[in-house]
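Under full-length UniProt numbering, the letters of the sequence shown match residues 1 to 258, in that order. All residues carry an ideal CB built from backbone N, CA and C; glycine is no exception.
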Amino acid sequence: MSLPRALAALRPTADGFAAAIPEDWMQGRTAYGGFSAALALHAAQRLADDLPPLRSAQVSFVGPLAGEVSVSARILRRGRNASWISAQVVSEAGVGLTATFVFMGAVEHSPLHLHDVPLPRDLIPLDQAVPLPLRAGPSFAPNFDRRFALPQSEGKEPVICWWERLRDAEGLDPMVALILLADALPPGVMPLTGPVPISSMTWLVNLLTPQPETDDGWFLLRAAGNYAEKGCSSQDMAIWNTRGEAVAVGMQSIALFG
1 MSLPRALAAL RPTADGFAAA IPEDWMQGRT AYGGFSAALA LHAAQRLADD
51 LPPLRSAQVS FVGPLAGEVS VSARILRRGR NASWISAQVV SEAGVGLTAT
101 FVFMGAVEHS PLHLHDVPLP RDLIPLDQAV PLPLRAGPSF APNFDRRFAL
151 PQSEGKEPVI CWWERLRDAE GLDPMVALIL LADALPPGVM PLTGPVPISS
201 MTWLVNLLTP QPETDDGWFL LRAAGNYAEK GCSSQDMAIW NTRGEAVAVG
251 MQSIALFG
């Protein structure tokens with residue numbers, strides 16, 4: 001079941017809505033993190049019709065989420081130019097995800113212009129990129145089209161870079177679709193560890209555009225591990241559109257059980 005279909009089946013509650021986590025959006029015993037975060041963002045957006053664009057999301061993956069979940073949100077502060085909204089996703093096991101979203105309008109008189117998120121070196125153009133095997137990866141992987149974006153390296157490096165797009169984004173808010181997609185890569189250190197159990201702990205995403213746009217739904221995703229010690233890993237993340245424009249950057253902390 002795609003996210004658009006899951007959203008169409010939501011049941012309103014007193015403080016938000018109830019939703020079912022589809023089996024094909026699971027990652028082991030919990031929901032794929034991008035799916036849970038997208039539900040939380042959808043709940044936040046429903047609180048007001050006049051919110052400015054999303055500019056930052058701070059997500060904590062507290063516990064496993066499966067089956068039916070309750071999603072709620074509340075406004076923390078609405079300023080003249082920025083709004084803070086918290087959201088959480090709860091299952092029978094308790095709180096599974098908490099998030100704080102910051103929505104901010106443009107400051108038109110600001111003179112500073114800085115765009116320094118360069119594309120990866122040796123990038124394979126989308127039309128020349130080789131698709132990943134259809135059955136490779138976790139159970140949620142078939143919800144995406146995926147292509148290798150960098151040549152195969154002779155040595156193992158803590159970097160994963162793929163072209164990806166949602167197979168069904170019809171009717172989704174562009175920011176919800178981007179958050180759904182943004183967590184789709186394996187951890188950057190996976191080339192060093194091989195397939196081991198992992199658990200995302202925290203995730204920070206800063207949006208570099210008020211309206212994510214690309215061609216035919218494709219985005220370039222990159223995860224680069226920069227630290228791993230005693231099961232705790234940290235990585236930098238970035239997303240570009242098909243025109244080479246950076247649309248988001250982030251960081252993530254990941255627990256490695258192997």
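Within the same chain, and ignoring the five residues on either side of Asn226 in sequence, the residues whose Cβ sits closer than 7 angstroms to its Cβ are Ser234, Gln235, Asp236.
Per DSSP, the unbroken beta strand (DSSP E) holding Gly94 starts and ends at 94-104. When Cβ pairs closer than 8 angstroms are counted between the two stretches, the region 67-78 is seen not to touch the region 106-119, the count staying below three. Within the same chain, Cβ atoms closer than 6 angstroms to the Cβ of Ala20 are found at Glu68, the five residues on either side in sequence being excluded. At least 9 angstroms separates the beta-carbon of Leu185 from that of Val247.
Here Ala43 really is in contact with Phe17; their C-beta atoms are around 7 angstroms apart, less than 8 angstroms.
DSSP, reduced to helix, strand and coil, places Asp145 within a strand of the structure shown.
For Gln45, the uninterrupted alpha helix (DSSP H) run begins and ends at 33-45, by DSSP. Inter-segment contact for the region 102-109 and the region 128-144 is absent: fewer than three beta-carbon pairs are separated by less than 8 angstroms. Of the candidates Pro197, Phe219, Pro120, Pro191, Phe219 places its Cα closest to the Cα of Ile179.
Within the same chain, and ignoring the five residues on either side of Gly188 in sequence, the residues whose Cβ sits closer than 7 angstroms to its Cβ are Pro158, Val159, Ile160, Ala223, Ala224, Gly225, Gln235. In the structure shown, Glu213 adopts coil according to DSSP, grouped into three states. For Ala182, the enclosing alpha helix (DSSP H) starts and ends at 174-182. Judged by DSSP secondary structure, Pro12 falls within the beta strand (DSSP E) whose first and last residues are 11-13. Of the candidates Leu126, Glu170, Phe144, Glu170 places its Cα closest to the Cα of Ala6.
Here the C-alpha atom of Thr214 lies approximately 20 angstroms from the C-alpha atom of Ser56. The beta-bridge partner set that DSSP reports for Val59 consists of Ala99, Trp203.
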